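Novice: Read top to bottom, the protein sequences are chains A and B.
Each residue of the first sequence is one higher than the one before, counting from 1 in our numbering.
Each residue of the second sequence is one higher than the one before, counting from 1001 in our numbering.
Think of the CB as a built atom: it goes at the ideal place given N, C-alpha and C, for glycine as much as any other residue.
Quantities reported herein were computed from a predicted structural model and do not represent experimental measurements.
Number of protein chains: 2
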Amino acid sequence: METSRRELAAMIALGSTGIALSSTSSPAQTGTTLASPALVHHVFFWLKRPGSQKDREQLIAGLRTLRNIPVIRRLEIGVPAGTESRDVVDASYDVSELMFFDNVQDQKTYQEHPVHQQFVKSCEHLWAKVVVYDMATV
Amino acid sequence: METSRRELAAMIALGSTGIALSSTSSPAQTGTTLASPALVHHVFFWLKRPGSQKDREQLIAGLRTLRNIPVIRRLEIGVPAGTESRDVVDASYDVSELMFFDNVQDQKTYQEHPVHQQFVKSCEHLWAKVVVYDMATV
Chain A
1 METSRRELAA MIALGSTGIA LSSTSSPAQT GTTLASPALV HHVFFWLKRP GSQKDREQLI
61 AGLRTLRNIP VIRRLEIGVP AGTESRDVVD ASYDVSELMF FDNVQDQKTY QEHPVHQQFV
121 KSCEHLWAKV VVYDMATV
Chain B
1001 METSRRELAA MIALGSTGIA LSSTSSPAQT GTTLASPALV HHVFFWLKRP GSQKDREQLI
1061 AGLRTLRNIP VIRRLEIGVP AGTESRDVVD ASYDVSELMF FDNVQDQKTY QEHPVHQQFV
1121 KSCEHLWAKV VVYDMATV
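In structure tokens:
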């Protein structure tokens, strides 16, 4: 693999003694940060019947209705990927939703939105466990 | 809050008897899907010294170097957001990285990339626990 000048610079910056705490933004970083919403909401669902393709499809269909909630800047729905199996990788969930919001208030608006509440009402019988991570970008 | 025509359509589609399994894509969904990379890689770090702002900053600085790896389509770095405290929300982690790749092969290339390996070497003494979720978008 060819190593670009920018990659080399990053490797030099890391060096052998640790990482500079005051590293300035690279152009790529600045570009990403400018376009970034401030809040990432990632939810993982474990089904009551993990082997049921029907239940998985129903949950995914329910999650798709959430796209109609205006405060959601981006919505991705997924299932465990076929990446290498490692101790640190949790691939035990069945379905996942990933959302971007502009801020905490918008995430609250989403929680209370009738389309979200209808989704919970229609689908909550399908899942045994839910884990949510809310992350503020830095 | 005003309810738009699209939101109303979604609420009607959900109905009271469940969710249609064969729902077609909304324009918003199609747009998002076309722009979507196929693989989301979300990593959560718990520090050995959770109270250490220095360790947190060092880990974040290390994660920022990963932006120089070309196969990464998008990188977000974050910390627990100030969303409502609920049983399902895990806000115990210290730092998180969220990456988008085009496919599983690109994620493998990233794992083996010298900038990533240098990051692990420089920062792994900081964390006590790592949990990774790899999600293929549907």
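1) Can you tell me whether DSSP reads K121 of chain A as helix, strand or coil?
2) Compare the C-beta of Q1105 of chain B with all C-beta atoms of chain A and state if any pair is closer than 8 Å.
3) Output yes if chain A places a C-beta closer than 8 Å to the C-beta of M1135 of chain B; else output no.
4) Compare the C-alpha of R86 of chain A against each of B:Q1053, B:V1115, B:V1130 and name the closest.
5) What does DSSP give as the partner residues of V1071 of chain B in its beta bridges?
6) Check the Cβ-Cβ distances between E1124 of chain B and every residue of chain A, and say whether any is below 8 Å.
7) Could you confirm whether any beta carbon from chain B is found closer than 8 Å to the beta carbon of L47 of chain A?
8) Which residues of chain B have a Cβ atom closer than 9 Å to the Cβ of P80 of chain A, listed in chain order?
9) Taking 8 Å as the cut-off, does the region 100-120 of chain A touch the region 1056-1070 of chain B (at least 3 CB pairs, one atom from each stretch)?
10) Who are the near neighbours of D55 of chain A in its chain, counting only those whose CB is closer than 6 Å to its CB and skipping five residues on each side?
11) For the region 1070-1098 of chain B, which residues have a beta carbon sitting closer than 8 Å to at least one beta carbon of chain A?
12) Along chain A, in chain order, which residues have C-beta atoms closer than 7 Å to that of V1040 of chain B?
13) Measure the beta-carbon distance from V95 of chain A to I60 of chain A and round it to whole angstroms, keeping in mind my assumption that it falls under 8 Å.
Specialist: For this structure:
1) helix
2) no
3) yes
4) B:V1130
5) Looking at the DSSP assignment, V1071 of chain B forms no beta bridge with any residue, so it has no partner.
6) no
7) no
8) Y1133, D1134, M1135, A1136
9) no
10) L47, R49, L126
11) P1070, R1074, L1075, E1076, I1077, G1078, V1079, P1080, A1081, G1082, T1083, E1084, R1086, V1088, V1089, D1090, A1091, Y1093, S1096, L1098
12) E76, G78, L98
13) 6 Å
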